[in-house]
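Colleague:
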Amino acid sequence: MSRAGKHPVKLKDGVSAVIADGVLTVKGPKGEIKVSLDTKHAGLVDVAVEADQVVVTPKDAEDKTSRAMWGTMARNVRAAVEGITDGFKKEMYMKGVGYKASVNGNKLVLVAGYSHDVVMDIPEGLTVKMGETPTEFTISGIDKCLVGQFADKVHKVRKADPYKGKGIFYKGERIRRKEGKKK
1 MSRAGKHPVK LKDGVSAVIA DGVLTVKGPK GEIKVSLDTK HAGLVDVAVE
51 ADQVVVTPKD AEDKTSRAMW GTMARNVRAA VEGITDGFKK EMYMKGVGYK
101 ASVNGNKLVL VAGYSHDVVM DIPEGLTVKM GETPTEFTIS GIDKCLVGQF
151 ADKVHKVRKA DPYKGKGIFY KGERIRRKEG KKK
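Counted the way UniProt numbering counts, the sequence shown spans residues 1 to 183.
#1: Determine whether the beta carbon atoms of glycine 83 and isoleucine 142 lie at a separation below 9 angstroms.
#2: Can the beta-carbon of lysine 56 be found less than 9 angstroms from the beta-carbon of aspartate 46?
#3: Can you give me the C-alpha to C-alpha distance between alanine 79 and alanine 101, rounded to a whole angstrom?
#4: On a CA-only basis, which of Ala61, Lys95, Thr135, Gly172 is nearest leucine 108? Give me that one, please.
#5: For valine 154, which residues from the same chain have a beta carbon less than 8 angstroms from its beta carbon, with the 5 sequence-adjacent residues on both sides left out?
#6: Return the chain-ordered list of same chain residues with a C-beta closer than 6 angstroms to the C-beta of lysine 34, the five sequence neighbours on each side being excluded.
#7: By a C-beta neighbour count over all protein chains shown, 10 Å radius and 16 as the cutoff for buried, is asparagine 104 buried or exposed?
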């Protein structure tokens, strides 16, 4: 086990945390994130705000599910604190003839080799910034889960092709190229 829950989550300068009605609200310079403490498994842990840190403890240290949720809840709280102080981002790029992306208001327009442009609504709380070329863009926001989900949705528009090496990629993603048919 990772023992992620053993370490309390430190609150940086300018960050405050409050527990009310089964919800942990973390406020900071980039905004506010709410972490629900009333989910089915979240009831297996206790969350307390002490001075400049948030402490997560399991209700039953011998129960396997309780110990698992201890680490999960600690990581969720840590992600909320990191999101409102530094934020999260996913850098992506497109590779292929004629592939490009653009941002029009709150819509991301992808030209990805289809007969039509793929238009996606950018969720509230996220920003998409174009890079140096029209094939590079960055998805950023304060909610780690929301950033990852939207980046995955964009990634699935045109998954990386192992034969031709084209598609939509995360920065640093490596695909294993395959050899095509031989004549």
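Just so it is clear, CB atoms sit at the ideal spot from N, CA and C, and this is done for glycine as well.
Modeller: Let's see:
#1: Your numbering for residue 83 matches position 83 in the sequence shown. Your numbering for residue 142 matches position 142 in the sequence shown. Cβ distance < 9 angstroms, so glycine 83 and isoleucine 142 count as in contact.
#2: To locate residue 56, count along the sequence shown from 1; it is residue 56. To locate residue 46, count along the sequence shown from 1; it is residue 46. Position check: residue 56 holds valine in this sequence, whereas lysine was assumed. Their beta carbons are under 9 angstroms apart, which means valine 56 touches aspartate 46 by this criterion.
#3: Residue mapping note: residue 79 aligns to position 79 of the sequence shown, counting from 1. Residue mapping note: residue 101 aligns to position 101 of the sequence shown, counting from 1. Cα atoms of alanine 79 and alanine 101: separation of roughly 29 angstroms, rounded to the nearest angstrom.
#4: Position 108 of the sequence shown, counting from 1, holds the residue named residue 108. When Ala61, Lys95, Thr135, Gly172 are compared, the shortest CA-CA separation from leucine 108 is found for Thr135.
#5: One-based indexing of the sequence shown puts residue 154 at position 154. Only residues of its own chain outside the window of five on either side were considered, and among them Met92, Leu108, Leu110, Met120, Ile139, Ile168 have a CB closer than 8 angstroms to the CB of valine 154, listed in chain order.
#6: As a first step, residue 34 is located in the sequence shown; it is residue number 34 there, counting from the start. The residues are Val23, Thr25.
#7: Numbered from 1 along the sequence shown, position 104 holds the residue referred to as residue 104. Exposed: under 16 other Cβ atoms inside 10 Å.
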